[in-house]
Amino acid sequence: MMRAFTAAALVAVLTACQSEPIGGPLSIEVGAPTSVAILQTVNEAGQRCWMRPDEKPFRKYRMVPELDTIAGNPRILLVERNNSAGRPQLVIESTSSPVKVSTYGPLVRTKLGGRINADIIRWSTGDSRCAGHS
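Mapping of the sequence shown onto the working numbering: position 31 corresponds to residue 23, and the numbering continues sequentially without gaps.
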């Protein structure tokens, strides 16, 4: 009984100490008319919130929207600023019927991935604020 309580208390303490949510792949269904429409929203907010000069975690990246696709799903890539032909560090992709947004790539498994996912969820529900701003 004491071990169970100690383990539960430890989990609660560790969770409370986390300053950012842990990242991971995201897959959410959103209430958008089309997959391109939701990625346009995410792209606009991402450009405004992530790509500004005071955003240190995103300084070494640039966003590359691939929204007008004939084959495949529309997506937004986050690539290294100095190696835009290299492997994307983050892919934000959307599919239709129903409209879903997914994230994958190396950045999603970092603390920054937690913030990315929280921002995408917020922007997908109509809240266009940047993280930490009212």
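Positions of the beta carbon are idealized from the N, C-alpha and C atoms, including for glycine.
Asked, Found
"Stretch pair the stretch 91 to 101 + the stretch 15 to 22: three plus CB contacts closer than 8 Å", "yes"
"Inter-residue Cα distance where the pair is Ser27 and Thr87", "6 Å"
"Per DSSP, the bridge partner or partners of Thr87", "Lys92"
"Sequence-distant residues of the same chain with beta carbon closer than 6 Å to Pro49, five excluded per side", "Leu104"
"Limits of the alpha helix (DSSP H) - the one that Leu104 falls within", "103 to 116"
"Local conformation of Glu21 per DSSP, three classes", "strand"
"One or two residues paired with Pro57 in a DSSP bridge", "Ile68"
"CB contact flag (Arg114, Arg121, <8 Å)", "yes"
"Inter-residue spacing [alpha-carbon to alpha-carbon] between Leu69 and Arg54", "8 Å"
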